[in-house]
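Number of protein chains: 2
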Amino acid sequence: MSSARRAHAAVKVTVDLAILTVREGRLQVLLIERGNEPFRGRAALPGGFLRDGEDLDAAARRELREETGLDGSALHLAQLGAFGAPGRDPRGRVVTIAYLAIAPHLPVPVPGSDASGARWEPVEASLADPDRLAFDHGDILRTAVDRARRELEYTTLATVFCGETFTMGELREIYEVVWGVPLDPRNFSRKVKKTEGFVIPSGEQRVQETGRPATLYRRGPATTLYPPMLRGADQGGEPVGAVSPAR
Amino acid sequence: MSSARRAHAAVKVTVDLAILTVREGRLQVLLIERGNEPFRGRAALPGGFLRDGEDLDAAARRELREETGLDGSALHLAQLGAFGAPGRDPRGRVVTIAYLAIAPHLPVPVPGSDASGARWEPVEASLADPDRLAFDHGDILRTAVDRARRELEYTTLATVFCGETFTMGELREIYEVVWGVPLDPRNFSRKVKKTEGFVIPSGEQRVQETGRPATLYRRGPATTLYPPMLRGADQGGEPVGAVSPAR
DNA sequence: ACAAAAGTGTTGAATCTACACCCATGC
DNA sequence: GCATGGGTGTAGATTCAACACTTTTGT
Chain A
1 MSSARRAHAA
11 VKVTVDLAIL
21 TVREGRLQVL
31 LIERGNEPFR
41 GRAALPGGFL
51 RDGEDLDAAA
61 RRELREETGL
71 DGSALHLAQL
81 GAFGAPGRDP
91 RGRVVTIAYL
101 AIAPHLPVPV
111 PGSDASGARW
121 EPVEASLADP
131 DRLAFDHGDI
141 LRTAVDRARR
151 ELEYTTLATV
161 FCGETFTMGE
171 LREIYEVVWG
181 VPLDPRNFSR
191 KVKKTEGFVI
201 PSGEQRVQET
211 GRPATLYRRG
221 PATTLYPPML
231 RGADQGGEPV
241 GAVSPAR
Chain B
1 MSSARRAHAA
11 VKVTVDLAIL
21 TVREGRLQVL
31 LIERGNEPFR
41 GRAALPGGFL
51 RDGEDLDAAA
61 RRELREETGL
71 DGSALHLAQL
81 GAFGAPGRDP
91 RGRVVTIAYL
101 AIAPHLPVPV
111 PGSDASGARW
121 EPVEASLADP
131 DRLAFDHGDI
141 LRTAVDRARR
151 ELEYTTLATV
161 FCGETFTMGE
171 LREIYEVVWG
181 VPLDPRNFSR
191 KVKKTEGFVI
201 PSGEQRVQET
211 GRPATLYRRG
221 PATTLYPPML
231 RGADQGGEPV
241 GAVSPAR
């Protein structure tokens with residue numbers, strides 16, 4: 001217990017974004033290099049302070065646009081939760097609202113970026129060293145990846161990793177990369193097609209470098225998957241965000 | 001777009017709790033009657049301001065204790081997310097971090113309560129009128145109930161609704177009440193027992209008012225359920241907290 | 001022809017659902 | 001005995017996992 005105990009702590013609120021994509025066969029996250037103190041020169045998730053009169057979701061979309069040039073209305077954007085440990089920001093008491101954004105396989109590093117250097121990096125690299133990212137961004141990223149993995153099971157989230165149209169193989173690659181397990185192409189295809197509203201055939205085909213041309217699909221109207229896509233047992237992890245032992 | 005647009009909005013942070021239990025065959029939420037403005041006399045979720053140097057989770061546990069007399073370490077407590085729409089609190093800019101707490105079937109209203117009147121109320125009643133609860137607490141409660149329903153499927157959350165020991169019938173009642181669907185007692189029992197680590201027999205029995213005595217169980221070590229408990233198709237709802245159309 | 005990727009069919013194992021049936025208690 | 005809830009057995013439908021096999025392209 002610290003001694004300071006005035007009620008109504010003076011708090012600043014930031015919004016931070018874990019923007020994930022699948023590139024080069026790996027799950028990658030968009031990082032910026034911090035141009036200012038604290039943590040100057042360190043890699044960090046893009047984000048910034050909440051403005052007066054601004055909604056949280058709007059702030060997330062604005063930061064997305066300012067720092068990456070991406071259009072928030074086209075991306076999946078969902079709140080992950082609040083991170084507010086007292087010592088997480090050396091400037092003072094700062095609570096951040098973390099967001100998970102999913103980007104389709106994008107051109108490259110990112111156009112119109114505000115920050116010194118924005119780049120994609122494989123999440124394993126970012127998570128390998130707990131102090132690789134500024135603040136508690138390692139924790140946030142871990143939460144984001146967990147969430148993305150989980151949501152692939154029960155929702156159609158995987159389709160937003162893909163472009164406007166995509167092949168069954170591309171969609172399957174999303175699952176394989178995010179989950180880190182190989183899936184049977186035959187059974188995968190069958191299951192996706194059988195799940196009502198998951199994907200709809202666009203009527204066109206795409207010629208591959210090799211092999212038979214693949215049917216192109218686009219997102220269907222469904223958001224939740226029933227039955228869910230399975231990735232086998234275990235997976236561990238707390239029930240989503242449990243705080244107390246509760247056991 | 002509002003005109004005020006200084007960066008670094010001055011914000012206060014509160015913590016609000018949606019405390020759920022199953023009582024009298026219904027899913028109920030703990031409400032207090034507000035003793036101060038704004039919304040004086042209106043029903044609201046318990047909560048209060050974050051203090052200096054205090055962790056978010058610690059604040060949630062403190063409010064739980066202060067306002068309800070419950071011991072946070074014994075309850076399931078998990079963050080739901082942040083709610084921060086600009087107009088949600090007439091006192092100014094207040095972002096709240098909402099928590100979901102699950103309480104076992106408790107004695108009654110609640111001992112040692114701080115607030116004028118704390119009471120349990122069926123969630124349908126609280127949600128029937130969008131303005132029944134103060135602030136945006138209706139939204140928060142809806143999110144909490146959705147989350148609880150979802151977590152019953154994939155986690156052992158149901159056991160924390162029960163006391164230290166419980167019968168299969170009591171555990172089943174949790175599912176039936178929270179989901180609002182009847183379940184087959186025979187299949188339910190079999191499935192729970194087959195899921196490793198969900199429950200463990202305590203070796204004792206409880207004599208009922210009527211019928212054969214029931215075996216008493218206590219929580220097992222598992223936190224996630226595989227395979228999950230199923231409640232049939234649909235359910236609808238956005239993919240958990242999607243913000244943008246993303247479609 | 002051959003490699004490579006897209007797809008279809010099939011089969012055995014596991015699971016879900018529904019329900020018949022037995023067990024143990026209070027009245 | 002009989003009502004009531006706890007609990008086991010079992011059969012048919014559905015789903016899953018694994019893999020043989022066919023289709024369609026580029027080289």
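If you read the protein sequences in the order shown, they are chains A and B.
For the first sequence, counting from 1, position 62 maps to 62 in UniProt numbering; every step adds exactly one.
For the second sequence, counting from 1, position 235 maps to 235 in UniProt numbering; every step adds exactly one.
Just so you know, even glycine gets a beta-carbon here, dropped at the ideal spot from N, CA and C.
Being a predicted model, the structure only gives us computed values, none of them experimental.
Whose Cβ in chain B lies nearer than 7 Å to the Cβ of residue i?
| i | result |
| --- | --- |
| A:Lys-194 | Here the premise fails: no neighbours, minimum Cβ distance about 13 Å. |
By DSSP, does residue i sit in helix, in strand, or in coil?
| i | result |
| --- | --- |
| B:Tyr-226 | coil |
| A:Pro-201 | strand |
| A:Arg-51 | coil |
| A:Gly-81 | strand |
| B:Ile-102 | strand |
| A:Ser-3 | Residue confidence for A:Ser-3 is low, a pLDDT of 43 falling below 50, so the modelled location carries little weight; the figure read from the coordinates is stated next. Here A:Ser-3 sits in coil by DSSP. |
| B:His-137 | helix |
| A:Asp-16 | strand |
| A:Val-178 | helix |
| A:Arg-119 | strand |
| A:Leu-27 | strand |
| A:Glu-67 | helix |
| A:Pro-239 | Here the model assigns A:Pro-239 a pLDDT of 35, short of 50, so the residue's position is not dependable, and the following value carries that caveat. The answer is coil: DSSP assigns A:Pro-239 none of H, G, I, E or B. |
| A:Pro-86 | coil |
| B:Phe-161 | helix |
| A:Glu-33 | strand |
| B:Thr-210 | coil |
| A:Thr-167 | strand |
| B:Ala-44 | strand |
| B:Leu-216 | strand |
| B:Thr-143 | helix |
Can you give the beta carbon distance from residue i to residue j, rounded, assuming they're within the 8 Å contact cut?
| i | j | result |
| --- | --- | --- |
| B:Phe-166 | B:Leu-216 | 7 Å |
| B:Leu-17 | B:Leu-27 | So it is not a contact: roughly 16 Å between Cβ atoms. |
| B:Val-11 | A:Val-94 | Incorrect: roughly 10 Å between the Cβ atoms, too far for contact. |
| B:Thr-14 | B:Gly-48 | 6 Å |
| A:Leu-56 | A:Ala-78 | At roughly 12 Å, the Cβ-Cβ gap does not stay under 8 Å, so A:Leu-56 and A:Ala-78 are not in contact. |
| A:Ala-214 | A:Gly-163 | So it is not a contact: roughly 14 Å between Cβ atoms. |
For a contact meaning CB atoms closer than 9 Å, what does residue i contact in chain A?
| i | result |
| --- | --- |
| B:Val-95 | Val-11, Val-13, Leu-50, Leu-56, Ala-82, Val-95, Ile-97 |
Report yes if the CB atom of residue i is closer than 8 Å to the CB atom of residue j, and no otherwise.
| i | j | result |
| --- | --- | --- |
| A:Leu-80 | A:Ile-140 | yes |
| B:Leu-152 | B:Ala-103 | no |
| B:Leu-64 | B:Trp-120 | no |
| A:Leu-133 | A:Ala-44 | yes |
| A:Leu-225 | A:Thr-155 | yes |
| A:Gly-25 | A:Val-145 | no |
| A:Gly-197 | A:Ala-158 | no |
| A:Val-192 | A:Val-199 | yes |
| A:His-76 | A:Val-22 | no |
| B:Glu-67 | B:Ile-32 | yes |
| B:Arg-206 | B:Phe-188 | no |
| A:Gly-53 | B:Pro-90 | no |
| A:Arg-149 | A:Trp-179 | yes |
| B:Ala-82 | A:Ala-82 | yes |
| B:Ala-9 | A:Arg-147 | no |
| A:Gly-138 | A:Pro-130 | yes |
| B:Gly-72 | B:Arg-88 | no |
Starting from residue i, find everything on chain B with Cβ-Cβ shorter than 8 Å and list it in chain order.
| i | result |
| --- | --- |
| A:Gly-41 | Here the premise fails: no neighbours, minimum Cβ distance about 22 Å. |
Mind pulling the chain A residues with CB within less than 7 Å of residue i?
| i | result |
| --- | --- |
| B:His-8 | Lys-12, Phe-49 |
- Task: Report the residues of the segment 63-91 of chain A with a CB closer than 7 Å to any CB of chain B, ordered along the chain.
- Result: Contact annotation: in the segment 63-91 of chain A, residues whose CB is within less than 7 Å of a CB in chain B are Gly-72, Ser-73, Leu-75, His-76, Leu-77, Ala-78, Gln-79, Gly-81, Ala-82, Gly-84, Ala-85, Pro-86.
- Given a limit of 7 Å on CB to CB distance, which residues of the segment 201-213 of chain B reach chain A? Closer than 7 Å at the C-beta level to chain A, one finds no residue of the segment 201-213 of chain B.
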